[in-house]
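The listed protein sequences derive, respectively, from chains F and X.
Final position of the first sequence in full-length UniProt numbering is 273; the numbers increase by one with none missing.
Final position of the second sequence in full-length UniProt numbering is 273; the numbers increase by one with none missing.
Ideal Cβ positions, reconstructed from N, Cα and C, are used throughout, including at glycine.
There are 2 protein chains.
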Amino acid sequence: MSDSARAFVPGHVTGFFSAHPDDDPTKAGSRGGGLAIGDGVTVELEPGEGLELNGEAAAIEAVDRVLDALRATARVVVETDLPLGAGFGVSGAAALGTALTTNAVFGRGLSENELVTIAHGAEVQAGTGLGDVVAQARGGVPIRLEPGAPAHGAMDGIPQRRPLEYRSFGELPTEEIIAGDTDELTAAGDRALSALVAEPTLETFMESSRRFAREAGLLTPRVAEVVRDVSEAGGEASMAMLGETVFALGSGLSDAGYDAEQCSLSLAGAHVL
Amino acid sequence: MSDSARAFVPGHVTGFFSAHPDDDPTKAGSRGGGLAIGDGVTVELEPGEGLELNGEAAAIEAVDRVLDALRATARVVVETDLPLGAGFGVSGAAALGTALTTNAVFGRGLSENELVTIAHGAEVQAGTGLGDVVAQARGGVPIRLEPGAPAHGAMDGIPQRRPLEYRSFGELPTEEIIAGDTDELTAAGDRALSALVAEPTLETFMESSRRFAREAGLLTPRVAEVVRDVSEAGGEASMAMLGETVFALGSGLSDAGYDAEQCSLSLAGAHVL
């Protein structure tokens, strides 16, 4: 137990996914592939009340659900340079960071799998994500083979490292999309996963992600144009699920003339600081 | 594919374990708890022949087995500041680093789980380790809940971070011990794991490790004396399995008057550089 604790949780960009609802939130989730990135979220927590996001009072349902599950009353300060609602898993990161820091401050004595399970369930029940939390807990280039929290899910990873770039043009409503009809999306996601499992490389990940974005009907005109520009400049880009955001390997976006944020993969998963 | 590749694999100190032999080397392994540390092993690999360990020609059977499994003929350069044969998992690290770099150089297109499986199987068949490889692939403070490579094993982790110290006084013969009668050792390891699962904290890990070393009859007089000295100075220490090595939380060894190496936990698992 300590007076306060801090945690870092990597951002997570999903390239493709399939949705797998279940009445049990620890079994619900998604299959898919993504990138855990070094631009992430820090959570600082101490006994008290209220949530602050980048210096302003805010509400994040998944965070409230984590605090309820851990029976803690806490002041939670969330800080991130990542764009919000743009496909970087900020809500999942806030939930996971809250679970890790609550465990430390209130001496709950839970394991990493137990804390990930609580944060994953909270995010699923809040309707704000299906697979970011387990990927953010792992780090690297996570492949979600089976949906759900650690006791039910299964993961693998791509053993490559590359610098990355991203550029966000705005938000997309995750909750509406994953609460709607996801049959077509899930069929496209399953095809993308099969291709990636057959050849788990970053190049196949990017290609599968582009095909998924097209087949699932999620590409916006602006994202489609930027992805095309990066391809024409010889690079590899795709769309972050779910945001109006393009990510690219190496300097793909800069090479195509776009202002872009540069970042690295986060080899480490979420952790207390 | 590239001309050469490098990988970093963290060292791994096992505090307690139980041995679980199986005819299938991907199912064989150990349960237990340990620490992945930032002092580790780098492997550089290119097409060619021969293995070099810290600048001298050497033979590591687990490395040869990995190269055989991946049908590669390579020159492997292994470098580490860790003491050899002293409980830091150097052979497992060399095997895992060889798997990661062979995959990169020879374009084998395998996933992280597949490469970990090959390295784990090679280490088990060489008789030089039972659980270091899966722990080194994960990073952090790994708890091995079920033995074996990723398809069969199960892991959790302790969500705490502390600086560490270690001091090695010499080697112990891992192969003889794990090939001998391990019934008593495994009973003690199972009790230690139950205690840690009930309360997955670093303090419980250290206490369970000390009890295991005593109950399994592995404590040498010198290690017992150092662990006692650290306790009397108010610290927490135990014995690395399997080496005549003492590790401690924080500055436990220095506080007791011993010269010690300082290191951090490795939050990242093994990875190509």
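- For X:Leu267, there is no enclosing alpha helix (DSSP H), as DSSP marks it with neither H nor E.
- Rounded to whole angstroms, the Cβ separation of F:Asp81 and F:Asp39 is 6 Å, and the two are in contact under 8 Å.
- Closest by C-alpha distance to X:Val13, out of X:Ile118, X:Asp22, X:Gly140, is X:Gly140.
- Flagged as an interface residue toward chain X: F:Ala104, by a C-beta distance shorter than 9 Å.
- Within its own chain, the residues whose Cβ lies closer than 7 Å to the Cβ of F:Gly34, once the five positions on either side in sequence are excluded, are His12, Val13, Thr14, Gly15, Ala135, Pro142, listed in chain order.
- The alpha-carbon of F:Leu130 is positioned some 29 Å away from that of X:Ala198.
- For the region 4-34 of chain F, the beta-carbon criterion of a distance under 8 Å to any beta-carbon of chain X is satisfied by none of its residues.
- According to DSSP, X:Ala5 shares a beta bridge with X:Leu45.
- About 13 Å separates the CB atoms of F:Phe247 and F:Ser254; that is not less than 8 Å, and the two are not in contact.
- One thing to note: F:Val272 has its Cβ within 9 Å of the Cβ of F:Leu100.
- Residues of chain X whose Cβ lies closer than 8 Å to the Cβ of F:Arg211 do not exist; the shortest such Cβ separation is about 19 Å.
- Counting only unbroken stretches of 4 or more residues, the alpha helix (DSSP H) elements lying wholly within the region 74-159 of chain X are 90-105, 112-126, 132-138, in sequence order.
- Taken through DSSP and simplified to helix, strand or coil, X:Arg210 comes out as helix.
- Annotated three-state conformation of F:Thr245 is strand, per DSSP.
- Counted as a single uninterrupted DSSP element, the stretch harbouring X:Gly252 is not any beta strand (DSSP E) but the alpha helix (DSSP H) occupying residues 252-255.
- Close to F:Ser111, with beta-carbon spacing below 8 Å, are these residues of chain X in chain order: Ile143, Asp156, Gly157, Ile158, Pro159, Val197, Pro200.
- By the criterion of a C-beta distance shorter than 8 Å, X:Thr73 is surrounded in its chain by Pro47, Gly48, Glu49, Leu67, once the five residues flanking it on both sides are discounted.
- A Cβ-Cβ separation of about 16 Å leaves X:Leu45 out of contact with X:Val90 under the 8 Å criterion.
- Of the candidates X:Pro21, X:Phe8, X:Ala5, the residue whose Cα lies closest to the Cα of X:Ala149 is X:Pro21.
- Per DSSP, the continuous alpha helix (DSSP H) segment holding F:Leu185 begins and ends at 183-198.
- For X:Val41 against X:Val63, the beta-carbon gap comes to about 11 Å, at or over 8 Å, which does not count as contact.
- Under the Cβ distance rule, F:Leu273 counts among the residues neighbouring chain X, one pair being separated by less than 9 Å.
- In terms of Cβ geometry, F:Ala213 and F:Gly235 do not form a close pair [threshold 9 Å].
- Within 10 angstroms of the beta-carbon of X:Ala270 lie 16 or more other beta-carbons, which makes it buried.
- Scanning X:Arg138, X:Leu51, X:Gly107, X:Leu84 for the CA closest to the CA of X:Leu172 turns up X:Leu84.
- Within the same chain, and ignoring the five residues on either side of X:Glu146 in sequence, the residues whose Cβ sits closer than 6 Å to its Cβ are Gly153, Ala154.
- One Cα belongs to F:Thr117, the other to F:Glu123, and the distance between them is close to 10 Å.
- Here F:Glu112 is buried, its C-beta having at least 16 other C-beta atoms within 10 Å.
- Remark: C-beta atoms of X:Ala69 and X:Gly29 do not approach each other more closely than 9 Å.
- Around X:Gly139, the beta-carbon contacts reaching into chain F at under 9 Å are Gly139, Leu267, Ala268, Gly269.
- Within the region 113-130 of chain X, the residues whose Cβ lies closer than 7 Å to any Cβ of chain F are, in chain order, Asn113, Leu115.
- Counting only the Cα atoms, X:Phe169 lies some 25 Å from X:Thr204.
- Counting only the Cα atoms, F:Gly157 lies some 8 Å from F:Pro200.
- With contacts defined by Cβ atoms closer than 9 Å, X:Leu218 and X:Leu193 do not form a contacting pair.
- For F:Leu218, there is no enclosing alpha helix (DSSP H), as DSSP gives it neither H nor E.
- For the pair F:Arg144 and X:Tyr258, the Cα-to-Cα distance works out to about 46 Å.
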